[in-house]
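Written out below as structure tokens is the structure these notes cover.
Protein chains in written order, with our numbering: chain Y, 193 to 580; chain B, 193 to 580.
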């Protein structure tokens with residue numbers, strides 16, 4: 193396998209949009225193509241992520257339509273991937289393999305989603321199709337329920353008073369909203385306080401409204417190329433150093449839902465391929481779908497020992513300027529979470545960070561970055577390590 | 193890129209099933225694993241196809257669940273692909289690339305679908321989400337309508353009286369049902385007559401009931417391995433000589449719906465990679481979702497000049513024993529069409545044919561075989577060439 197890089201990246205404003213999934217994708221994709229100083233016809237394969245286009249707008253087989261929408265010819269293959277909220281990272285990892293194989297020199301990868309038009313009750317139930325169907329979603333559980341259970345178990349297991357844990361979880365929300373104020377593409381660009389998190393509407397005990405990421409419309413895309421091609425395309429190609437993907441058991445078969453075996457396996461593979469460890473990561477975009485999720489992943493990715501991450505949050509280590517800044521973009525929490533696009537938006541941020549193009553939210557001196565994307569009940573997890 | 197082979201293959205009985213998509217997949221996958229003389233833990237990556245699991249049984253992110261269901265560990269990535277009716281062939285082609293890249297030595301690819309529980313009216317409308325949503329399915333068109341228009345245009349363009357064309361289309365149905373009588377896994381294993389086709393219920397003028405493939409539940413899977421590994425696993429590995437995938441424009445942007453630019457591009461790529469031409473193909477499993485579809489593809493794949501394939505059908509050239517036997521399995525028409533599984537079932541048949549394991553329906557001396565799978569309005573087309 194040969195060396196592979198990211199050339200250009202593109203992303204729409206996240207929030208509410210009247211555009212279709214394909215129109216959103218086209219906007220992000222063409223930005224990535226332009227930023228790569230190539231023509232659309234230079235793209236040899238399209239790796240397209242979308243989760244619920246059929247439910248959202250009655251549209252399946254979107255990959256090919258998206259490829260043609262941006263001007264690709266009939267000879268360009270387009271693959272649609274679905275891996276719940278990890279969808280776009282599945283697409284990116286697979287695009288990386290396609291270029292590493294030598295079959296293609298230049299490919300496009302990304303994702304798109306429209307979550308807003310459904311409204312919260314229907315979207316919540318639609319998303320619950322990403323939990324297991326015979327024993328889980330069947331009982332009525334939705335994702336706020338899954339992560340609420342995780343919170344209770346985490347507090348119990350590590351003997352942290354729930355009120356204390358909730359204060360630290362609120363700090364995750366406050367941090368990511370603060371980061372989001374510096375991201376012009378973020379859905380929410382205003383600061384919140386810990387008090388407002390703890391006073392929020394109770395979604396699923398103990399998770400309150402501001403513990404939860406929002407529903408979002410948006411798209412993001414990146415151009416992936418062989419090292420040789422990428423060096424000719426852009427001044428600062430960003431290397432994909434390693435990528436791993438894991439498969440978790442259904443929730444009812446997981447021994448401990450605070451320990452994510454798919455995430456541990458995925459990150460191990462990514463670290464090994466990249467030849468780095470958790471301590472080498474300078475900045476990471478991680479899957480903070482709920483505040484407890486960010487705490488749990490800090491441990492599952494090996495950044496902190498199990499049971500200790502919430503203290504690190506309290507010490508401010510995950511803020512920009514801290515020991516390991518997490519979600520400088522604002523994360524899913526403030527930047528937004530258009531599920532099929534999220535992994536690509538994470539890649540967008542890390543590429544910009546490693547190039548030093550993030551302005552006020554820049555993590556100074558970042559050389560190695562990571563994206564971590566979780567689908568379902570940690571059922572599909574993808575970790576990718578980038579370097580400059 | 194290195195040489196890649198198919199080792200073992202597996203397939204469920206096609207028809208009606210009470211099993212879930214994942215259970216069906218597991219049945220086919222474990223048969224393929226056993227036939228490959230390996231353990232499930234030898235599989236390094238799972239390439240899983242499914243189109244409408246969310247609509248059919250409220251289950252998304254099925255790839256990971258399927259991988260765990262058959263016993264894969266957390267470190268095994270599982271990718272779900274959706275490319276309408278070409279889904280499983282998209283998965284197979286991508287699995288081929290993953291092995292060719294050198295990243296993996298042994299992977300599993302396949303697909304699964306449950307179409308029967310919805311019933312015909314809902315399934316027809318659900319499948320119509322694979323046409324373009326803003327201008328096509330929005331008007332009420334479904335796939336029988338698309339292929340009915342194709343039939344009218346074909347008759348007009350080549351100045352073939354519609355009654356004569358319909359007689360020849362009926363011969364496609366009669367042939368594929370005849371082939372199906374020799375396939376114990378086929379949904380329909382009884383002969384039909386041209387008269388019964390032409391007397392059938394009118395689905396969408398001029399397509400009658402027996403011009404249309406059925407709805408089907410089923411799954412199929414294949415194990416793909418590097419040449420080196422495959423030779424150790426089975427006596428007769430079957431080589432994947434070439435694979436191509438194309439992306440067609442939405443129907444309303446197609447100049448001539450009897451000419452499939454995605455199919456022409458996909459097959460051209462497959463022929464080039466394999467170093468063969470249409471005349472070298474000994475047997476093919478092709479996408480006969482409607483009788484007219486088989487005639488059109490015979491031309492788009494380069495087997496016959498445009499406008500001449502229906503005469504070749506009349507001469508019996510596509511029967512087992514004819515010049516180029518098509519769909520010895522019975523095809524989508526008689527074997528059945530569980531949309532997300534179809535491409536893998538085609539691969540199953542071609543591998544068995546090239547190994548000489550097809551009993552009464554064996555195409556004698558077949559050395560080079562091809563699968564052709566179409567998704568949507570020829571929006572996603574995959575062609576794969578196999579050799580022994």
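Backbone N, C-alpha and C define an ideal beta-carbon position, used for all residues, glycine too.
Under 7 Å by beta carbon: chain Y residues contacting residue i
i: residue 272 of chain B; result: 273, 274 and 275
i: residue 329 of chain B; result: 250
i: residue 282 of chain B; result: 271
Continuous alpha helix (DSSP H) stretch holding residue i: start and end
i: residue 213 of chain Y; result: 213-227
i: residue 425 of chain B; result: 419-425
i: residue 251 of chain Y; result: Looking at the DSSP string, residue 251 of chain Y is not in any alpha helix (DSSP H), and its letter there is neither H nor E.
i: residue 518 of chain Y; result: Counting along the chain, residue 518 of chain Y falls outside any alpha helix (DSSP H), and DSSP gives it neither H nor E.
i: residue 360 of chain Y; result: 354-372
i: residue 388 of chain Y; result: 386-390
i: residue 281 of chain B; result: 279-292
Reference residue i; option with closest CA among the options
i: residue 450 of chain B; options: B/434, B/461, B/417 and B/484; result: B/484
i: residue 266 of chain Y; options: B/316, B/515 and B/442; result: B/442
i: residue 524 of chain B; options: B/515, B/539, B/514 and B/225; result: B/539
i: residue 199 of chain B; options: B/519, B/318, B/418 and B/330; result: B/418
i: residue 332 of chain B; options: Y/507, Y/250 and Y/384; result: Y/250
i: residue 506 of chain Y; options: Y/412, Y/551, Y/359 and Y/482; result: Y/359
i: residue 217 of chain B; options: B/258, B/369 and B/376; result: B/258
i: residue 480 of chain B; options: B/561, B/570 and B/234; result: B/570
i: residue 561 of chain Y; options: Y/488, Y/497 and Y/469; result: Y/469
i: residue 541 of chain B; options: B/509, B/579, B/260 and B/395; result: B/579
i: residue 532 of chain B; options: B/229, B/413, B/193 and B/344; result: B/413
i: residue 536 of chain Y; options: Y/213, Y/284 and Y/275; result: Y/284
i: residue 351 of chain Y; options: Y/503, Y/517 and Y/577; result: Y/503
i: residue 400 of chain Y; options: Y/509, Y/201, Y/433 and Y/361; result: Y/361
i: residue 427 of chain Y; options: Y/194, Y/371, Y/260 and Y/543; result: Y/543
i: residue 495 of chain B; options: B/482, B/341 and B/472; result: B/472
i: residue 432 of chain B; options: B/204, B/577 and B/234; result: B/577
Exposure label - residue i; buried when at least 16 CB within 10 Å
i: residue 323 of chain B; result: buried
i: residue 393 of chain B; result: exposed
i: residue 534 of chain B; result: buried
i: residue 335 of chain Y; result: buried
i: residue 306 of chain Y; result: buried
i: residue 429 of chain B; result: buried
i: residue 602 of chain Y; result: Summary: the structure shown does not reach residue 602 of chain Y, with chain Y confined to residues 193 through 580, and so no result is reported for it.
i: residue 355 of chain B; result: exposed
i: residue 500 of chain Y; result: exposed
i: residue 520 of chain Y; result: buried
i: residue 387 of chain B; result: exposed
i: residue 330 of chain Y; result: exposed
i: residue 376 of chain B; result: exposed
i: residue 286 of chain B; result: buried
i: residue 314 of chain B; result: exposed
Under 7 Å by beta carbon: chain B residues contacting residue i
i: residue 193 of chain Y; result: 293, 294 and 295
i: residue 321 of chain Y; result: 246, 250, 251 and 252
i: residue 457 of chain Y; result: 266 and 267
i: residue 439 of chain Y; result: 256, 259, 260, 264, 266, 268, 269 and 270
Inter-residue CB distance, residue i and residue j (contact presumed, cutoff 8 Å)
i: residue 207 of chain B; j: residue 528 of chain B; result: 6 Å
i: residue 553 of chain Y; j: residue 374 of chain Y; result: 4 Å
i: residue 492 of chain B; j: residue 455 of chain B; result: 4 Å
i: residue 522 of chain B; j: residue 277 of chain B; result: In fact, because the Cβ distance is near 16 Å, the residues do not count as touching under 8 Å.
i: residue 268 of chain Y; j: residue 407 of chain Y; result: Residue 268 of chain Y to residue 407 of chain Y, Cβ: 32 Å. No contact.
i: residue 296 of chain B; j: residue 237 of chain B; result: 5 Å
i: residue 575 of chain B; j: residue 459 of chain B; result: 4 Å
i: residue 367 of chain Y; j: residue 511 of chain Y; result: 5 Å
Chain-ordered neighbours of residue i on chain B, where CB pairs are closer than 9 Å
i: residue 461 of chain Y; result: 267 and 269
Contacts that residue i makes with chain Y (C-beta to C-beta distance below 8 Å)
i: residue 324 of chain B; result: 251 and 257
i: residue 442 of chain B; result: 257 and 260
i: residue 454 of chain B; result: 256 and 266
Host beta strand (DSSP E) of residue i (start-end)
i: residue 567 of chain Y; result: 560-567
i: residue 305 of chain B; result: 298-306
i: residue 239 of chain B; result: 238-241
i: residue 201 of chain Y; result: 196-203
i: residue 394 of chain B; result: 394-396
i: residue 455 of chain Y; result: No beta strand (DSSP E) holds residue 455 of chain Y; the alpha helix (DSSP H) holding it covers 453-466.
Residue i: contacting residues in chain B (beta-carbon distance under 8 Å)
i: residue 289 of chain Y; result: 289, 290, 293 and 295
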